[in-house]
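Peer 1: Numbering (full-length UniProt numbering), first residue to last: 1 to 127.
Ideal Cβ placement from N, Cα and C applies to all residues, glycine included.
The structure presented is a predicted model; accordingly, all values stated were derived computationally and were not measured.
Below is a structure I'd like to ask you about.
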């Protein structure tokens with residue numbers, strides 16, 4: 001998995017948490033991920049989802065637009081994408097929405113995202 005810092009939705013959620021003085025959620029998610037770091041992958045829980053939980057799709061999308069719009073742009077920028085409900089409805093037998101939802105369908109995926117989050121916190125984010 002690439003660095004979580006490469007995912008614009010993750011960056012947007014982190015920025016929203018900072019702006020709304022909810023940074024404690026980041027630290028709680030990190031501590032939970034660290035606590036289970038050496039558990040068998042089948043016992044792990046995806047705590048990275050806690051980063052996104054306080055926000056609606058619209059809030060994250062608006063922050064993505066803000067982050068991706070160059071400062072000197074005068075035009076209104078919008079990002080249009082399929083909402084998760086529509087994606088799931090269009091592909092009901094496919095569990096591949098993890099890239100967008102964080103709902104990893106396998107224990108290995110949960111382990112990988114927790115490891116990526118721990119790495120992000122320890123290398124990029126400063127409490």
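Residue 22: buried (16+ other C-beta within 10 angstroms of its C-beta) or exposed?
Peer 2: Exposed.
Peer 1: Quick one: using the 10 Å Cβ neighbour count with 16 as the cut-off for buried, is residue 53 buried or exposed?
Peer 2: Classification of residue 53: exposed, given that the 10 Å Cβ count is below 16.
Peer 1: Taking buried to mean at least 16 other C-beta atoms within 10 Å of its own C-beta, is residue 102 buried or exposed?
Peer 2: Its Cβ being crowded by 16 or more others within 10 Å, residue 102 is buried.
Peer 1: Can residue 92 and residue 42 be called in contact, C-beta distance under 8 Å?
Peer 2: No; because the gap between Cβ atoms is not below 8 Å, this pair is not in contact.
Peer 1: Between residue 44 and residue 118, what straight-line distance do the alpha-carbon atoms span, to the nearest angstrom?
Peer 2: Near 14 Å, if we compare the C-alpha coordinates of residue 118 and residue 44.
Peer 1: Drop a sphere of 10 angstroms on the beta-carbon of residue 13, count the other beta-carbons inside from all chains shown, and report buried for 16 or more, exposed for fewer.
Peer 2: The residue in question, residue 13, is buried, as its Cβ has 16 or more Cβ neighbours within 10 Å.
Peer 1: Quick check: what's the CA-CA separation for residue 63 versus residue 35?
Peer 2: Cα-Cα distance, rounded: 30 Å.
Peer 1: Any idea if residue 4 is buried or exposed, counting beta-carbon neighbours within 10 angstroms, 16 or more meaning buried?
Peer 2: Counting Cβ neighbours within 10 Å, residue 4 comes out buried, since at least 16 surround it.
Peer 1: On the criterion of 16 or more Cβ atoms from any shown chain inside 10 Å, does residue 18 qualify as buried, or is it exposed?
Peer 2: The residue in question, residue 18, is exposed, as its Cβ has fewer than 16 Cβ neighbours within 10 Å.
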